[in-house]
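These notes are about the structure you will find just below.
Protein chains: 2
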Amino acid sequence: MRAYNFCAGPAALPTAVLEKAQQEMLDWQGKGLSIMEMSHRSNDYVAVAEKAEADLRKLMNIPENYKVLFLQGGASLQFSAIPLNLLGKNNKADYIHTGIWSEKALKEAKRYGDINIVEAGTMIDGKHAITEQSTWNLSNDAAYVHYADNETIGGLQFASVPDVAAPLVCDYSSSILSAPVDVNKFGLIYAGAQKNIGPAGLTIVIIREDLLDQAKPEIPSILKYADQAKNGSMVNTPATYAWYLSGLVFEWLLEQGGVDAIYKMNQAKAKLLYGYIDSSDFYNNPIAVPNRSMMNVPFTLADEALEKTFLKEAEQNHLLNLAGHRSVGGMRASIYNAVPLEGVQALVNFMDEFAKRHG
Amino acid sequence: MRAYNFCAGPAALPTAVLEKAQQEMLDWQGKGLSIMEMSHRSNDYVAVAEKAEADLRKLMNIPENYKVLFLQGGASLQFSAIPLNLLGKNNKADYIHTGIWSEKALKEAKRYGDINIVEAGTMIDGKHAITEQSTWNLSNDAAYVHYADNETIGGLQFASVPDVAAPLVCDYSSSILSAPVDVNKFGLIYAGAQKNIGPAGLTIVIIREDLLDQAKPEIPSILKYADQAKNGSMVNTPATYAWYLSGLVFEWLLEQGGVDAIYKMNQAKAKLLYGYIDSSDFYNNPIAVPNRSMMNVPFTLADEALEKTFLKEAEQNHLLNLAGHRSVGGMRASIYNAVPLEGVQALVNFMDEFAKRHG
Numbered sequence: 001m002r003a004y005n006f007c008a009g010p011a012a013l014p015t016a017v018l019e020k021a022q023q024e025m026l027d028w029q030g031k032g033l034s035i036m037e038m039s040h041r042s043n044d045y046v047a048v049a050e051k052a053e054a055d056l057r058k059l060m061n062i063p064e065n066y067k068v069l070f071l072q073g074g075a076s077l078q079f080s081a082i083p084l085n086l087l088g089k090n091n092k093a094d095y096i097h098t099g100i101w102s103e104k105a106l107k108e109a110k111r112y113g114d115i116n117i118v119e120a121g122t123m124i125d126g127k128h129a130i131t132e133q134s135t136w137n138l139s140n141d142a143a144y145v146h147y148a149d150n151e152t153i154g155g156l157q158f159a160s161v162p163d164v165a166a167p168l169v170c171d172y173s174s175s176i177l178s179a180p181v182d183v184n185k186f187g188l189i190y191a192g193a194q195k196n197i198g199p200a201g202l203t204i205v206i207i208r209e210d211l212l213d214q215a216k217p218e219i220p221s222i223l224k225y226a227d228q229a230k231n232g233s234m235v236n237t238p239a240t241y242a243w244y245l246s247g248l249v250f251e252w253l254l255e256q257g258g259v260d261a262i263y264k265m266n267q268a269k270a271k272l273l274y275g276y277i278d279s280s281d282f283y284n285n286p287i288a289v290p291n292r293s294m295m296n297v298p299f300t301l302a303d304e305a306l307e308k309t310f311l312k313e314a315e316q317n318h319l320l321n322l323a324g325h326r327s328v329g330g331m332r333a334s335i336y337n338a339v340p341l342e343g344v345q346a347l348v349n350f351m352d353e354f355a356k357r358h359g
Numbered sequence: 001m002r003a004y005n006f007c008a009g010p011a012a013l014p015t016a017v018l019e020k021a022q023q024e025m026l027d028w029q030g031k032g033l034s035i036m037e038m039s040h041r042s043n044d045y046v047a048v049a050e051k052a053e054a055d056l057r058k059l060m061n062i063p064e065n066y067k068v069l070f071l072q073g074g075a076s077l078q079f080s081a082i083p084l085n086l087l088g089k090n091n092k093a094d095y096i097h098t099g100i101w102s103e104k105a106l107k108e109a110k111r112y113g114d115i116n117i118v119e120a121g122t123m124i125d126g127k128h129a130i131t132e133q134s135t136w137n138l139s140n141d142a143a144y145v146h147y148a149d150n151e152t153i154g155g156l157q158f159a160s161v162p163d164v165a166a167p168l169v170c171d172y173s174s175s176i177l178s179a180p181v182d183v184n185k186f187g188l189i190y191a192g193a194q195k196n197i198g199p200a201g202l203t204i205v206i207i208r209e210d211l212l213d214q215a216k217p218e219i220p221s222i223l224k225y226a227d228q229a230k231n232g233s234m235v236n237t238p239a240t241y242a243w244y245l246s247g248l249v250f251e252w253l254l255e256q257g258g259v260d261a262i263y264k265m266n267q268a269k270a271k272l273l274y275g276y277i278d279s280s281d282f283y284n285n286p287i288a289v290p291n292r293s294m295m296n297v298p299f300t301l302a303d304e305a306l307e308k309t310f311l312k313e314a315e316q317n318h319l320l321n322l323a324g325h326r327s328v329g330g331m332r333a334s335i336y337n338a339v340p341l342e343g344v345q346a347l348v349n350f351m352d353e354f355a356k357r358h359g
């Protein structure tokens with residue numbers, strides 16, 4: 001029996017995708033071998049890889065002057081690859097700091113260039129929030145402005161895309177494909193696959209072509225965006241099975257009606273869970289309403305001592321992985337695309353029943 | 001029906017491993033979710049990861065003063081990571097050049113330090129071979145000596161481990177776990193998973209502890225061996241599913257009787273295929289006997305014009321991926337651990353039948 005899985009990442013995948021992968025595991029489309037046993041340069045595999053890219057382009061409406069790269073190393077390797085590729089001659093960038101992941105990105109960037117840190121976290125009525133863009137001290141000569149759309153650990157998300165002069169670079173790891181986004185507003189979008197795309201081990205980079213070819217001399221060769229773009233992300237062997245699985249997720253998303261349809265579903269899921277939390281004296285979410293994450297919902301119990309009991313009983317009810325990140329504690333329900341509305345309803349039902357017994 | 005798959009990589013995996021993965025795909029050990037949907041920091045996943053490492057240590061008899069890392073980016077990212085981690089203050093290393101892969105490694109290393117290239121390729125009676133170590137001009141002050149045990153494209157393999165003063169660093173991508181190796185002779189062994197270990201997207205690094213902590217300042221943080229060793233290869237999210245599948249391959253190898261047993265099988269497979277080629281006037285292998293690869297067997301047909309027919313008919317006989325690398329042409333049969341003796345026998349039968357019709 002499949003449980004409801006609220007893991008922050010590696011995260012739930014659509015059951016239909018896993019079923020298809022299971023069915024094709026030993027013999028892909030009657031070819032006598034698994035897709036993971038195929039050369040990445042074979043006609044069959046290249047067709048799978050290209051279809052995945054085409055479907056992602058369709059889902060996100062990616063303009064033709066952007067390249068889509070399927071890389072390895074996670075968003076964390078991009079924390080290095082981005083400054084190494086984009087800092088350019090001026091060697092300056094702005095980094096917006098809103099939580100743990102944007103901090104990791106800026107710490108790594110500081111090793112390579114002159115980084116202007118914009119502290120954009122604030123408190124409004126005791127709740128975490130992101131400051132107004134008008135208060136940010138942005139540089140005049142930054143090669144790019146970096147931010148993380150959604151802080152997976154904090155559960156803090158930008159209400160809108162910042163409007164800046166320099167190319168905008170965004171870590172979309174935990175919110176990509178959850179809502180429509182205008183790619184034209186960005187110089188570069190990147191995302192580790194293991195939330196809304198596929199299994200861990202794949203990283204998507206969407207980059208505007210004019211930014212491709214300005215890497216620093218010390219960059220490891222396979223991190224060069226220009227080379228990967230020229231070689232269809234196959235400068236070396238890519239993570240072929242993860243790429244294939246991501247393609248299945250893209251197909252599933254198109255079958256659901258694309259990003260607009262999944263966005264409506266995600267809004268309904270978030271409304272249900274936040275609505276319940278707000279209606280309860282037993283649970284609390286620490287984020288100001290405009291900056292609440294649609295994907296990661298942290299919450300605390302009125303009595304911290306009940307946390308272990310909550311997690312244990314949730315698991316008995318087939319509601320898995322609700323512990324908050326080890327760095328912050330509390331609870332967190334990650335309600336990515338693959339978590340169905342029924343899963344969120346089951347969680348709310350359990351939370352309500354638990355509160356009534358312990359409240 | 002499963003065909004015999006002679007792909008050089010991503011390569012054949014044991015059918016029993018794929019069957020187990022297939023069975024566990026949607027619900028790992030009754031936990032209600034796939035192993036690829038689990039946090040890498042969950043107790044269940046960490047146990048899987050640690051067992052994989054323990055099994056690899058058992059298979060290779062890895063001493064306690066070596067760390068085993070499960071990384072991303074392929075051997076190609078290690079081409080950068082190795083000089084960035086190991087060149088040290090002297091900034092010098094020796095690279096033994098025997099073919100396309102060792103050349104890629106040395107080209108990347110030259111971007112970071114003072115590299116002494118030892119040209120070790122030669123011809124003996126019209127066949128490719130590796131020169132005697134006594135002829136090599138090694139440096140006195142190299143931080144390490146790098147070589148590739150087995151040139152996957154050329155089909156050229158070292159007959160024994162070089163005996164050098166500096167720490168020995170070896171690309172074992174296409175020969176790891178195919179034959180016993182004394183890890184004590186090495187400072188560092190690395191291998192992309194996609195030949196004898198598991199799916200593409202995972203890279204194994206086995207490193208002696210005293211070499212860990214000497215990285216250059218410009219190294220991307222997640223490439224630092226010392227940090228990855230301290231954090232159990234989880235500085236960031238690893239390629240969890242590839243790591244799990246590799247663990248299944250290690251279990252399978254132990255069930256086969258370990259590396260000694262698979263080595264005997266590999267010797268039998270190589271003897272069968274090379275023996276047939278040598279007995280034939282129709283086929284030719286371009287490598288001198290002592291340096292023939294046990295894993296990758298390149299061969300040509302007496303009449304080049306028959307290559308397409310050969311490949312087409314082989315495929316009709318469920319013998320897949322026998323084309324040589326696009327850079328060299330001809331044929332190549334990769335007979336990794338997962339290719340059974342019956343597969344090699346079926347190939348030899350087909351080759352013989354083909355030669356009789358066309359010879």
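In order, the protein sequences belong to chains U and P.
The first sequence: position 105 = 105 (UniProt numbering), numbered continuously.
The second sequence: position 106 = 106 (UniProt numbering), numbered continuously.
Glycine included, C-beta positions come from ideal geometry on N, C-alpha and C.
These figures come from a predicted structure and were not determined experimentally.
Cutoff 7 angstroms; reference residue i; Cβ partners in own chain excluding five residues on either side
i, result
"Gly330(U)", "Pro298, Phe299, Thr300 and Gly324"
"Glu53(P)", "Val68"
"Ala333(U)", "Phe6, Leu273, Val297, Leu322 and Leu347"
"Ala143(P)", "Leu86, Leu87, Gly88, Asn90, Lys92, Ala93 and Ala166"
"Pro199(U)", "Pro10, Ala193, Ala242 and Leu245"
Residue i versus residue j - alpha carbon distance
i, j, result
"Leu341(U)", "Tyr274(U)", "13 angstroms"
"Asn285(U)", "Gly154(U)", "10 angstroms"
"Thr309(U)", "Ala302(U)", "13 angstroms"
"Val161(U)", "Ala93(P)", "48 angstroms"
"residue 377(P)", "Asn266(P)", "For residue 377(P) there is no data in the structure shown, the boundaries of chain P being 1 and 359."
"Ala314(P)", "Glu307(P)", "10 angstroms"
"residue 365(P)", "Pro63(P)", "In the structure as shown, chain P begins at 1 and stops at 359. Residue 365(P) is therefore absent and cannot be evaluated."
"Ala166(P)", "Leu26(U)", "44 angstroms"
"Gly74(U)", "Ser39(P)", "14 angstroms"
"Gln228(U)", "Ile287(P)", "33 angstroms"
"Arg208(P)", "Phe158(P)", "22 angstroms"
"Ala179(P)", "Ala120(P)", "23 angstroms"
"Asn140(P)", "Ala81(P)", "23 angstroms"
"Val344(P)", "Met123(P)", "28 angstroms"
"Tyr147(U)", "Ile96(U)", "5 angstroms"
"Glu24(P)", "Thr152(U)", "28 angstroms"
"Val46(P)", "Leu248(P)", "15 angstroms"
Own chain residues within Cβ distance below 6 angstroms of residue i, not counting five before or after
i, result
"Ala270(U)", "Met294"
"residue 387(U)", "Beyond the ends of chain U as shown, which are 1 and 359, falls residue 387(U); an answer cannot be given."
"Tyr244(P)", "Ile35 and Val48"
"Gly359(U)", "Phe282"
"Val339(P)", "Ala12"
For residue i: DSSP bridge partner residues
i, result
"Val259(U)", "DSSP output for Val259(U) lists no bridge partner at all."
"Val145(P)", "Asp94(P) and Leu168(P)"
"Ile206(U)", "Val68(U) and Ile189(U)"
"Asn150(P)", "Gln157(P)"
"Asn123(P)", "According to the sequence as given, residue 123(P) is Met; it is not Asn. For Met123(P), which the question treats as bridged, DSSP gives the partners His128(P)."
"Val297(U)", "Ala333(U)"
"Tyr244(U)", "Tyr244(U) is not bridged to any residue."
"Tyr4(P)", "Leu319(P)"
N- and C-terminal bounds of the beta strand (DSSP E) containing residue i
i, result
"Ala93(P)", "Lys92 to His97"
"Ile115(U)", "Asp114 to Glu119"
"Pro83(U)", "Taken as a continuous stretch (DSSP letters only), Pro83(U) belongs to no beta strand (DSSP E), being part of the alpha helix (DSSP H) at Gly74 to Leu86."
"Arg332(P)", "Met331 to Ser334"
"Val328(U)", "Per DSSP, Val328(U) belongs to no beta strand (DSSP E) and is neither H nor E."
Residue range of the unbroken alpha helix (DSSP H) whose run includes residue i
i, result
"Met351(P)", "Leu341 to His358"
"Ile100(U)", "Ile100 to Lys110"
"Asn43(P)", "Asn43 to Met60"
"Val17(P)", "Thr15 to Glu24"
Residue i beta carbon near the ligand SAH (any heavy atom closer than 7 angstroms)
i, result
"Ser334(P)", "What this structure holds is no ligand at all, so the ligand SAH is not there to describe."
Problem set entry | Cβ contact check for the region 132 to 139 of chain P and the region 170 to 185 of chain P: 3 or more pairs under 8 angstroms | no
Problem set entry | Stretch pair the region 201 to 216 of chain P + the region 181 to 193 of chain P: three plus CB contacts closer than 8 angstroms | yes
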